[in-house]
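Input: a single structure, listed below in structure tokens.
Residue numbers (this note's numbering): 191 to 790.
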């Protein structure tokens with residue numbers, strides 16, 4: 191899934207502007223506090239990659255277990271750096287959208303977490319996590335009783351069918367494609383099964399998707415799909431009731447099925463959520479509805495968020511971050527304040543920030559390798575929270591992904607985290623690329639702008655001519671996700687959709703999926719890679735598959751180098767003193783928004 195501001199939950203995604211942090215060279219308290227580093231480690235990351243347990247009907251039955259000390263009432267303020275790129279669930283594949291979706295939308299399944307971060311996959315609209323048969327090729331889900339949308343309309347199996355089928359429509363370009371491809375074909379060929387979606391009266395055949403009665407949904411696949419319940423827990427597969435579907439317009443006014451609904455939306459400025467009175471807590475084993483509503487304010491960068499929350503005055507006491515992070519130049523102020531630290535959470539995020547090479551334009555591997563060697567990873571991630579915001583990446587697999595190798599470092603980043611200029615200059619000279627023009631795009635948030643200065647300077651230092659192009663972060667993934675984007679270099683952040691490399695390599699490197707809105711940001715389309723991805727996806731033994739993904743990772747990085755790894759991300763967030771229930775979510779990689787309350 192993208193990270194917001196990066197794009198994966200992307201994964202793209204996401205999207206997720208993991209840390210709009212201020213420049214470390216500002217003087218004063220600009221240290222990341224490395225001498226007292228108590229940030230998360232790769233051992234913590236390994237714990238987050240543990241296998242998910244599938245829960246039964248009892249685990250899926252509401253109401254959710256009460257949060258200690260929780261009480262109802264009050265309106266919570268949310269700080270956001272920029273607007274949400276999408277509100278239509280089918281288009282959500284970034285992290286800030288995922289957090290909002292947890293409040294507004296429900297799907298067939300969802301994750302239930304404990305205080306140790308252990309995840310159990312349970313039924314959400316479904317009575318349980320699903321029943322597999324035929325060796326995992328068939329999955330049956332039964333809907334709970336009395337489910338309604340915000341208007342009081344009953345949710346039936348027909349709405350689940352409609353939700354899946356509308357994802358085939360041409361206007362759905364930015365959401366996940368796992369289930370569509372499993373049902374109807376790999377790459378972009380799945381769209382041929384229902385090119386207009388359900389809007390002209392056609393449907394998927396009962397041989398792949400059947401709704402025998404109002405409460406039963408049956409998925410039928412050609413191959414076993416043991417991860418289907420986890421795929422269905424993604425916000426992209428949240429239900430869109432057929433009677434409420436307004437097609438493209440749904441992206442600005444979705445109908446809620448979760449505990450809150452949108453009462454007011456001013457694009458680029460603010461959004462107000464209020465209680466959805468048709469949400470039944472007895473049908474939901476995870477979410478709560480403690481506060482009366484949320485006032486979401488945009489245009490608060492991480493520095494603004496951190497300073498305001500650290501000061502903890504007035505309304506700031508009732509305020510939370512969604513995907514914001516403690517800004518770099520405020521890390522020490524937070525870390526060295528014991529009372530402030532009581533209002534923080536930390537986690538090891540699943541994202542790898544990488545500088546994508548548009549392979550349609552950046553055809554010389556020597557130039558790609560030169561840029562990879564040159565990038566000062568440590569300098570770049572220190573602009574995103576220092577040791578609390580990330581660490582040097584050595585490859586394209588995150589430490590939270592099963593199969594990650596701590597010792598894998600083909601570009602020598604651990605020995606030279608600030609880059610190898612001489613090696614890079616040598617490769618540029620060998621390629622005869624001195625003076626080559628490269629169009630480098632970056633987001634218009636403070637941290638991306640500051641990182642852009644560092645990256646552009648380094649590109650110039652190795653002999654390249656840099657044309658910088660600033661892009662609105664709210665639409666970052668839509669713009670860089672276009673096949674004909676006119677760009678050479680651009681950063682994205684991707685993390686697994688669930689603990690499996692199968693949610694990293696196919697969405698990022700399977701060239702058969704390349705289309706506008708896909709997450710094939712490098713435009714890689716290598717026959718050997720495509721074939722190997724198809725082969726590994728058919729391996730049923732998880733251990734064998736994991737080894738194969740790791741080997742493919744080596745091949746992609748070393749033979750092709752479609753993206754330069756820069757840094758792995760961590761999360762460090764602070765909240766107002768009157769906010770209760772705060773904890774890190776291994777599912778969202780940020781605060782768990784399902785359990786927040788105001789203390790008074």
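Glycine included, every Cβ here is placed at the ideal spot set by N, Cα and C.
- Selection 377, 301, 352, 360 evaluated against residue 717 yields 377 as nearest (Cα-Cα).
- Note that the C-beta distance between residue 720 and residue 702 is below 8 Å.
- Distance from the CA atom of residue 337 to the CA atom of residue 418, rounded to whole angstroms, is 22 Å.
- In the structure shown, residue 232 falls within a helical segment according to DSSP collapsed to helix, strand and coil.
- When Cβ pairs closer than 8 Å are counted between the two stretches, the stretch 727-734 is seen not to touch the stretch 655-663, the count staying below three.
- Residue state for residue 460 is assigned as strand, using DSSP reduced to three classes.
- The residues 454, 485, 486, 487, 488, in chain order, have a CB closer than 8 Å to that of residue 460 in the same chain once the five nearest residues on each side in sequence are set aside.
- Taking 8 Å as the upper bound for CB-CB distance, residue 755 and residue 583 are in contact here, some 4 Å apart.
- With contact defined as three or more Cβ pairs closer than 8 Å, the stretch 678-685 and the stretch 629-649 are in contact.
- When only Cα atoms are considered, residue 424 and residue 623 end up about 43 Å apart.
- Taken through DSSP and simplified to helix, strand or coil, residue 323 comes out as strand.
- Distance from residue 762 to residue 538 at the Cβ level is roughly 11 Å; contact not present, criterion being Cβ atoms closer than 8 Å.
- Across the set 514, 497, 507, the C-alpha of 497 shows the shortest separation from the C-alpha of residue 522.
- Pairing residue 309 with residue 468 gives a Cβ-Cβ distance that is not under 8 Å.
- Taken in chain order, the complete beta strand (DSSP E) segments of 3 residues or longer contained in the stretch 270-332 are 299-303, 309-313, 321-323, 328-332.
- Residue 774: not part of any beta strand (DSSP E); DSSP gives it neither H nor E.
- Within the same chain, Cβ atoms closer than 7 Å to the Cβ of residue 715 are found at 701, 704, the five residues on either side in sequence being excluded.
- DSSP lists 409 as the beta-bridge partner residues of residue 399.
- Taking a contact as a CB-CB distance under 8 Å, the pair residue 713 and residue 548 counts as one, their CB atoms being some 6 Å apart.
- Taking the Cβ atoms as the reference, residue 648 lies roughly 38 Å from residue 528, outside the contact range of under 8 Å.
- The C-alpha of residue 228 lies about 16 Å from the C-alpha of residue 774.
- Counting along the chain, residue 251 sits inside no alpha helix (DSSP H), nor does DSSP assign it H or E at all.
- In the three-state DSSP reduction, residue 380 falls in the helix class (H, G or I).
- In its chain, beyond the 5 residues on either side, 617, 620, 621 have a beta carbon closer than 7 Å to the beta carbon of residue 556.
- Closest option to residue 780, judged by alpha-carbon separation, among 759, 790, 605: 759.
- Within the same chain, 327, 728 come within 7 Å of residue 413 by CB-CB distance, once the 5 residues on both sides are set aside.
- In the structure shown, residue 350 falls within a helical segment according to DSSP collapsed to helix, strand and coil.
- Per DSSP, residue 645 is one residue of the alpha helix (DSSP H) stretching across 636-651.
- Under DSSP, the beta-bridge partners assigned to residue 660 are 632.
- Proximity to residue 265 across 245, 751, 560, 505 peaks at 505, based on C-alpha coordinates.
- Between the C-alpha atoms of residue 568 and residue 322 there is a straight-line separation of about 46 Å.
- Taking residue 274 as the centre and dropping the five residues before and after it, the same chain places the C-beta of 286, 287, 290 closer than 7 Å to its C-beta, in chain order.
- Residue 520 counts as buried, since at least 16 other C-beta atoms from the protein chains shown sit within 10 angstroms of its C-beta.
- The C-beta distance from residue 575 to residue 516 rounds to 6 Å, short enough to meet the 8 Å contact threshold.
- Collapsing the DSSP output to three states places residue 720 in a helix.
- Closest option to residue 627, judged by alpha-carbon separation, among 476, 614, 650, 750: 650.
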